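*Asks:* Structure provided below as structure tokens; questions to follow.
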Amino acid sequence: MYLKNIELTNFRNYKHIKVSFNKGINIIYGKNAQGKTNLLESIYLLGLTNSHRSILDNSLINNGNLFLKVKGNLKKDKIGNDLEVYIDERKKILRFDNSIISKVSDYISNMNIIIFTPDDLELIKGSPQIRRKFLNVELSQLYSNYYVLLNEYDKLLKIRNEYLKNVNKSYKLDNNYFDIITSYLVDKAIIIYKMRQKFVDKFNLFCQDIYKDITNYTGFRIIYKKSIDVDIFANNVKQIMLEKFKEKRDIEIKLTSTIYGPHRDDLEFYLNDINLKFYGSQGQQRLAVLALKLSEIEIFKKYKDSVPILLLDDIFSEIDKNKRANLLKYINKDIQTIITMTEVDIIDDKFLKKAKLFNIDDGKIKKIKEVI
Ligand SMILES: Nc1ncnc2c1ncn2[C@@H]1O[C@H](COP(=O)(O)OP(=O)(O)O)[C@@H](O)[C@H]1O
Ligand SMILES: [Mg+2]
């Protein structure tokens, strides 16, 4: 799939612009604070209905205005669809071919996006919450029922934690009621666990080779860390989980929170037996994220039969020359890629020829050249 064009109204530092993209490589360059990241953010918003930077929707609206609109035409197998996200202070409206879509899960499976930004280093270095968000965003794009499931799980979790708080205050526990909530929660948890485990397994099919391709090092892998030690594919997994929950009931009441479940999951990244979070160099961490993102492309191709759109935000300056060349080989394939950078001279001419080139200056975009 590829994004044919995009039209922004009152988005960040853009009042109103239209951009037509090339179906292959697009390079956008410009000085700092001119709107490069904002443009990629608008594409991300168009596909996934929120920002890749975790911020409030309202800050996306151009200062002094009351609404924003991002529209784009997405091409998939020769068919074009219009996508639109409208946001004002009170609401967000999603449209697909001019019809309003009320379920986010129906909307976000249309346009698949993989974004890679310097902040992604946090995927390795940051808190588990960032890695769970990553799992959730990717799985929601792959399977529209995942998003629904996750929402149901979150609701149950909230109810359960609320109940634990009340019990903690009043010391009265309705065992039946509590068991029912726990049982529902565990049902959802098991499905999420399974989906996440299978997803991580898929990563491991690709990321080792990709990491080796870029760096020449072998032994890169990802480990899915559940907060509960069970074989999720065992027949009696529910029973085992319920027993584990029972053992921890008093502790849960004391802590007023649910201690097992997907909301406590984490991922670990290893280069052979080195845990990259604690012992990896910045370079190794950066390349691990890169391998992760490139693996995602392969997962989308293989399991969704769709080629996602790749957004690369200012990542080239931080990767050394050899590895940059290895990376360019990857993105040179038939995948729409939108790349931002401050200086184009770090990219070799052969690659530049294949790209449509734009310059951004203070919220204005100028086409510099088409693909040669
Ligand atoms: N809601 C907003 N309204 C107007 N300008 C904004 C808004 N949000 C961010 N900006 C401006 O956007 C610019 C940063 O754009 P950004 O895309 O991050 O730059 P870069 O080209 O360095 O990636 C800053 O000048 C900032 O003030
Ligand atoms: Mg930027």
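This note's numbering applies: residue 2 is where the sequence shown begins, and numbers increase by one.
Using N, Cα and C, we set each Cβ at its ideal position, and we do this for glycine too.
Source: prediction; values computed, not measured.
1. Quick check on Q283: buried or exposed, where buried means 16 or more other Cβ atoms within 10 Å of its Cβ?
2. Tell me whether K37, by its Cβ, gets closer than 7 angstroms to a heavy atom of ligand 4.
3. Just the C-alpha distance for L124 and I224, rounded to the nearest angstrom, thanks.
4. Could you name the residues of the same chain whose beta carbon sits closer than 8 angstroms to that of Y164, not counting the 5 residues immediately before and after it, in chain order?
5. Going residue by residue through the stretch 289 to 351, where are the continuous beta strand (DSSP E) segments of at least 3 residues, counting only ones entirely within it?
6. Roughly how many angstroms lie between the CA atoms of S21 and K368, to the nearest whole one?
7. Which complete alpha helix (DSSP H) runs does the stretch 211 to 249 hold, if anything under 4 residues is left out?
8. Just checking I62 against ligand 1 - is the residue's beta carbon closer than 7 angstroms to any of the ligand's heavy atoms?
9. Among the residues of its own chain, which have a CB less than 8 angstroms from the CB of I131, if the five just before and after it don't count?
10. So, under 8 angstroms CB-CB, I215 and L291 are touching, yes? Tell me the CB distance rounded to an integer number of Å.
11. If you drop the 5 nearest sequence neighbours on each side, which residues of the same chain put their C-beta closer than 7 angstroms to that of V149?
12. Whole-angstrom Cβ separation of Y154 and A190, contact assumed at under 8 angstroms?
13. Out of K104, L57, R91 and G73, which one is the CA nearest neighbour of N146?
14. Find the nearest neighbour of Q286 within the set N169, I336, K247 and R222, judged by alpha-carbon distance.
15. Taking the alpha carbon of Y212 as the reference point, which residue from G65, L328 and K170 has its own alpha carbon closest?
16. Alpha carbon to alpha carbon, how far is Y271 from T219?
17. Ignoring anything shorter than 4 residues or poking outside the stretch 22 to 69, list the alpha helix (DSSP H) runs there in chain order.
18. Per DSSP, G81 is paired with what?
19. I want to check one thing, is the minimum distance from the CB of D314 to the heavy atoms of ligand 2 below 7 angstroms?
20. Report all residues from its chain with a CB closer than 7 angstroms to the CB of E299; omit the five preceding and five following residues, and keep chain order.
21. So what's K19 in DSSP terms, helix, strand or just coil?
22. Closer than 8 angstroms by C-beta to D98: which residues in its own chain qualify, once you throw out the five before and the five after it? Chain order, please.
23. Can you name the start and end residues of the beta strand (DSSP E) that N14 belongs to?
24. Got a sec, what are the start and stop residues for the beta strand (DSSP E) E269 sits in?
25. If we ignore side chains and look at the alpha-carbon of each, how far apart do S110 and D202 end up?
26. Suppose the cutoff is 7 angstroms on Cβ atoms and the five residues either side in sequence are ignored; what does the same chain contact list for G267 look like?
27. Residue ranges of each alpha helix (DSSP H) run of no fewer than 4 residues wholly in the stretch 189 to 214, ordered along the chain?
28. Taking C-alpha atoms, which residue in P119, E8 and R197 lies nearest to L1?
29. Is D13 a contact residue of ligand 1, with contact defined as CB to any heavy atom under 7 angstroms?
30. Could you say if the stretch 312 to 330 and the stretch 229 to 247 meet the contact criterion of at least three C-beta pairs nearer than 8 angstroms?
31. Have a look at the DSSP bridge pairing and note the partners of D89.
32. With hydrogens ignored, establish whether the beta-carbon of N33 is closer than 7 angstroms to any heavy atom of ligand 1.
33. Going by DSSP, what residue range makes up the beta strand (DSSP E) through I160?
34. From the DSSP output, read off the bridge partner residues of D362.
*Replies:* Working from what's here:
1. exposed
2. Only ligand 1 and ligand 2 can be found as ligands here, which leaves ligand 4 out of the picture.
3. 14 angstroms
4. Y178, F179 and I182
5. 310 to 314 and 338 to 342
6. 9 angstroms
7. 238 to 248
8. yes
9. E123 and L124
10. 7 angstroms
11. S106
12. 7 angstroms
13. K104
14. R222
15. L328
16. 11 angstroms
17. 37 to 49
18. K76
19. yes
20. F207
21. strand
22. N82 and D83
23. Careful: N14 lies outside any beta strand (DSSP E) and carries neither H nor E.
24. D267 to L272
25. 21 angstroms
26. One detail in the question is off: residue 267 reads as Asp in this sequence, not Gly. Excluding sequence neighbours, D267 sits near P129, R132 and K226.
27. none
28. The requested residue 1 is not part of the displayed model; the chain covers only 2 to 373.
29. Correcting the residue identity first, residue 13 is Arg in this sequence and not Asp. Yes - ligand 1 has a heavy atom lying nearer than 7 angstroms to the Cβ of R13.
30. no
31. F68
32. yes
33. Element bounds for I160: not the beta strand (DSSP E) but the alpha helix (DSSP H), S145 to S171.
34. K365
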